[in-house]
Amino acid sequence: MKEAIKKLRLSMEKKGIDASLITHSENIRYYSGFTGSSAIVLVLASEKYLITDFRYVEQAQAQCPGFKVIDAAGVKGFDFVFDRCKEFEAKSLWFEESTISYMYYSRLVERAATISLLADGNEISKQRLIKSEDEISNIKKAAQLADKGFTHLLGIIKTGMTEREIALELEFFLRRNGSEGLAFPIIAASGPNSALPHAEPSDRKLEQGDFLTLDFGCRIGGYCSDMTRTIAIGEPCEKLREIYEITLEAQKKALGILRPGISCKQVDKVARDHINSNGYGENFGHGLGHGVGLHVHEEPRLSPMGEGELQAGMIVTVEPGIYLPKLGGVRIEDLVAITSDGYSNLVTSIKDLVII
Ligand code: ZN
Ligand code: ZN
6 MKEAIKKLRL SMEKKGIDAS LITHSENIRY YSGFTGSSAI VLVLASEKYL
56 ITDFRYVEQA QAQCPGFKVI DAAGVKGFDF VFDRCKEFEA KSLWFEESTI
106 SYMYYSRLVE RAATISLLAD GNEISKQRLI KSEDEISNIK KAAQLADKGF
156 THLLGIIKTG MTEREIALEL EFFLRRNGSE GLAFPIIAAS GPNSALPHAE
206 PSDRKLEQGD FLTLDFGCRI GGYCSDMTRT IAIGEPCEKL REIYEITLEA
256 QKKALGILRP GISCKQVDKV ARDHINSNGY GENFGHGLGH GVGLHVHEEP
306 RLSPMGEGEL QAGMIVTVEP GIYLPKLGGV RIEDLVAITS DGYSNLVTSI
356 KDLVII
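In this note's numbering, each number is its position in the sequence shown, counted from 1, plus 5.
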C-alpha cells in the first residue's frame with residue numbers, strides 16, 4: 006500500500022496535481038487497506054487521510070497504518086477535504102471521473118471554491134494495472150482454489166443435476182476451503198443455455214449430449230480469480246466437438262504470443278482470426294480477455310478496442326468462446342500473469358474436452 010501511494014504521488018507530481026480524492030471502494034482498499042464500505046481517502050504530497058464515520062474508526066485505525074483516520078460523516082467529510090486542501094495550499098484536486106455520480110460531482114463543485122477540480126483520466130485506477138508480488142500471490146491462491154473446486158465438481162456432476170445445484174455445490178466447496186466469497190455469481194450453463202455467455206444458473210437438469218459451461222472465481226485477500234471450463238455430459242454431437250476444438254486452438258494461439266510489449270488488440274486478433282477463419286467469427290461476440298485484481302473485470306481489456314500493451318505484472322484472462330444459439334456454447338478461460346519473458350498460467354485445470 007505504501008508503494009501504491011508512492012506511485013500515485015509520482016503520477017500526481019508529473020501532472021502537477023496537488024491532491025487526490027479517492028472515492029471508489031476498490032481504490033480505497035488498494036491505497037489504504039481499508040475494507041469497510043464507507044470512506045473516502047485524501048492524498049496530499051505530505052499527508053494522507055482516511056475519512057470515515059464512527060462505525061469504522063477503530064477498523065480503519067487497525068487497517069490503515071500511516072493514515073490519519075478522521076471521523077467525519079457525509080458533508081463534514083467534504084468540508085474536511087477542502088479545509089485540508091486550503092491548509093496545505095493545494096490548488097488542484099483529482100477526482101475519479103469514471104466512478105463518481107453527477108450528484109457527488111455537483112457537491113464537490115459547490116464546495117471547491119478556488120481549488121481546481123480535475124478529472125483524473127483514470128490515473129487513480131491505473132496504478133492498479135501492474136500487480137505487486139503480494140497481489141499476484143493472492144490471485145494465484147484464488148486461482149488454485151478455483152482449480153480445486155473444478156476437480157471437486159468433476160467428481161460429482163452427473164445427468165439429472167440442475168445448474169443451480171451445481172453452482173451451489175461449487176460455492177459451498179470454495180467458501181468452505183477458504184474463499185472469502187465469490188469473485189462474481191457462478192455461471193453454470195448447460196445445453197442450449199451454454200450458448201448464453203452470461204447465463205444465470207436455472208433449474209434445468211443436465212442431459213446426455215449437453216455442454217456445461219462453468220465460469221467462476223474465488224476471492225483471497227480481496228483479490229479475485231476467474232476461470233471457465235466447458236465439459237460434455239455424455240458424447241457431444243459433432244458440431245459441439247468442432248467448436249470446442251476451434252475455441253481451444255484459438256486460446257492456445259493467443260496464449261502463445263503473450264509477453265510484455267505486445268498490444269492488447271493483437272492478442273485478441275490472434276484468437277479472433279482463428280475463429281473467423283473457421284467460419285464462427287459472428288459467434289464470438291465478446292472481447293478475448295480482461296484484467297483481474299481487486300475487481301474481477303478491470304484494465305487492461307484484450308479486445309478489438311483494447312488500448313495499450315501488456316506489461317510484466319499485469320494479470321489478464323484469455324477466454325475465447327463460440328456460442329451457437331439453441332445448441333450450445335464453449336468458453337475456455339485461463340488467468341495468466343505476464344512475466345518479464347512471457348507469462349505464467351495461474352489456472353492448471355485440464356483443457357482437453359472432459360466427457361462425463
Ligand atoms: Zn470468467
Ligand atoms: Zn473473465
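Where a beta carbon is used, it is the ideal one built from N, C-alpha and C, also for glycine.
Q.
Quick check: does the Cβ of H4 come within less than 8 Å of any heavy atom belonging to ligand 2?
A. This structure leaves residue 4 out entirely; the chain is present only between 6 and 361.
Q) Among residues of its own chain, excluding the 5 on either side of H300, which ones have a beta-carbon nearer than 8 Å to its beta-carbon? A) E31 and C229
Q) Roughly how far, in whole angstroms, is the beta-carbon of R4 from the beta-carbon of C269, given that I think they are within contact range, below 8 Å? A) Only positions 6 to 361 of the chain appear in the structure, and residue 4 is not among them; the question remains open.
**Q.** Which residues DSSP lists as bridging M108, in chain order
**A.** In the DSSP output, where bridge partners are listed per residue, M108 has none listed.
**Q.** Same chain, Cβ closer than 8 Å to F59, neighbours up to 5 away in sequence not counted
**A.** D76 and A78
Q) Taking C-alpha atoms, which residue in I267, M166 and R336 lies nearest to Y348? A) I267
Q. Measuring from the CB of F289, is there a heavy atom of ligand 1 at a distance below 8 Å?
A. no
Q | Any non-hydrogen atom of ligand 1 closer than 8 Å to F221 Cβ | A | yes
(Q) What does the Cβ neighbour count give for Q132, buried or exposed, with the cut at 16 atoms within 10 Å? (A) buried
Q: Since I believe I360 is in contact with E240 (beta carbons under 8 Å), could you give me their beta-carbon distance rounded to a whole number of angstroms?
A: 7 Å
Q: Consult DSSP for G326 and reduce its assignment to one of helix, strand or coil.
A: strand
Q | Strand pairing of A44, partner residues [DSSP] | A | T57
Q: Would you check if the distance between the CB atom of S184 and the CB atom of R209 is smaller than 9 Å?
A: no
Q: Have a look at F155, S195 and T252 and flag the residue whose alpha-carbon is nearest the alpha-carbon of F178.
A: F155
(Q) Taking 8 Å as the cut-off, is the beta-carbon of H300 closer than that to any non-hydrogen atom of ligand 2? (A) no
Q) Would A67 be called buried (16 or more neighbouring beta carbons within 10 Å of its own) or exposed? A) exposed
Q) Which word fits T164, buried or exposed, when buried means at least 16 other C-beta atoms lie within 10 angstroms of its C-beta? A) exposed
Q | D215, buried or exposed, once every other Cβ within 10 Å from all chains shown has been counted against 16 | A | buried
Q: Leaving out five residues on either side along the sequence, give the residues of the same chain with a beta carbon under 8 Å from the beta carbon of E314.
A: P265, G266, I267, S268 and C269
Q. Which class does M17 belong to by DSSP, given the choice of helix, strand or coil?
A. helix
(Q) Helix, strand or coil, according to DSSP, for Y348 in the structure here? (A) strand
Q. By Cβ distance below 8 Å, which residues in the same chain neighbour K136 in space, the five residues on each side in sequence not counted?
A. I144, G298, G318, M319, I320 and A342
Q) Hey, is E324 close to ligand 1, as in C-beta under 8 Å from one of its heavy atoms? A) yes
(Q) Let's test the definition: count the other Cβ atoms within 10 Å of the Cβ of T235 and tell me whether it reaches 16, buried, or not, exposed. (A) buried
**Q.** For S199, the three-state DSSP class (helix, strand or coil)
**A.** helix
(Q) So if DSSP puts I320 in a beta bridge, which residue, or which two residues, is it bridged to? (A) A342
Q: Starting from E231, trace the beta strand (DSSP E) both ways and give me its first and last residue.
A: Residue identity check: residue 231 is Asp in the sequence provided, not Glu. Element bounds for D231: n/a, residue is neither H nor E.
Q.
Could you compute how far the alpha carbon of T252 sits from the alpha carbon of S106?
A. 39 Å
Q. Of the residues T322, L211 and Y285, which one's Cα is nearest the Cα of L293?
A. T322
Q) Which of helix, strand or coil does DSSP assign to V74? A) strand
Q | Strand pairing of L26, partner residues [DSSP] | A | L47
Q) Beta carbon of D273: closer than 8 Å to some heavy atom of ligand 2? A) no
(Q) Give me the DSSP bridge partner(s) of T119. (A) None; T119 has no bridge partner.
Q) In chain order, which alpha helix (DSSP H) runs of at least 4 residues are fully inside the region 252-333? A) 269-282
Q: Drop a sphere of 10 angstroms on the beta-carbon of H279, count the other beta-carbons inside from all chains shown, and report buried for 16 or more, exposed for fewer.
A: buried
Q) Excluding the five sequence neighbours on either side, which residues of its own chain have a C-beta within less than 8 Å of the C-beta of G227, listed in chain order? A) R34, T40, N143, E185 and L299
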